[in-house]
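Asker: Under the numbering used here, the letters of the sequence shown match residues 277 to 374, in that order.
C-beta atoms are modelled at their ideal positions from N, C-alpha and C, and glycine is treated no differently.
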Amino acid sequence: MAISKAKRAAAAQKAARTRKRNAAAKAAAATKAKASRRRKATATRKGAAPKRSAAPKRKAAKRRAAPKRKAANRRAAPKRKAANRRAAPKRKAAKRTR
Numbered sequence: 277m278a279i280s281k282a283k284r285a286a287a288a289q290k291a292a293r294t295r296k297r298n299a300a301a302k303a304a305a306a307t308k309a310k311a312s313r314r315r316k317a318t319a320t321r322k323g324a325a326p327k328r329s330a331a332p333k334r335k336a337a338k339r340r341a342a343p344k345r346k347a348a349n350r351r352a353a354p355k356r357k358a359a360n361r362r363a364a365p366k367r368k369a370a371k372r373t374r
């Protein structure tokens, strides 16, 4: 079944957009990497470790007390779900059919 010209054109445009977007993302990543490389190079020339933001471990987001357990676990003991409460089948059904 042949694709209509309009559909083919639309698909081509979409593909082109995707390619362009991917290329842009790659370029951005490359420039970022280049900048970080340059920064590290200057740091080594100065004879010091690359400057890092002071103690990232103390960032506000990380200071919040760790959640004790996942919300999913808090919802009425999943072990007791009705499906699990059914007695386990003693043996395979295939063996029983004789």
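Which first and last residues belong to the alpha helix (DSSP H) in which A317 is found?
Answerer: Against the sequence shown, residue 317 aligns to sequence position 41. Start and end: 281-322.
Asker: What do you reckon, are the CB atoms on K287 and I279 nearer than 9 angstroms?
Answerer: Indexing the sequence shown from 1 puts residue 287 at position 11. Indexing the sequence shown from 1 puts residue 279 at position 3. According to the sequence displayed, residue 287 carries Ala and not Lys. Cβ atoms of A287 and I279: closer than 9 angstroms.
Asker: Suppose the cutoff is 7 angstroms on Cβ atoms and the five residues either side in sequence are ignored; what does the same chain contact list for T294 look like?
Answerer: The residue given as residue 294 occupies position 18 in the sequence shown. There are no such residues.
Asker: When the Cα atoms are used, what is the spatial distance from K285 to A309?
Answerer: Sequence index remark: in the sequence shown, residue 285 carries index 9 (1-based). Sequence index remark: in the sequence shown, residue 309 carries index 33 (1-based). Residue 285 is actually Ala in this sequence, not Lys. Approximately 36 angstroms between the Cα atoms of the pair.
Asker: Using the Cα positions of T320 and A304, report the straight-line distance between them to the nearest angstrom.
Answerer: Mapped onto the sequence shown, residue 320 falls at position 44. Mapped onto the sequence shown, residue 304 falls at position 28. One C-alpha to the other measures close to 24 angstroms.
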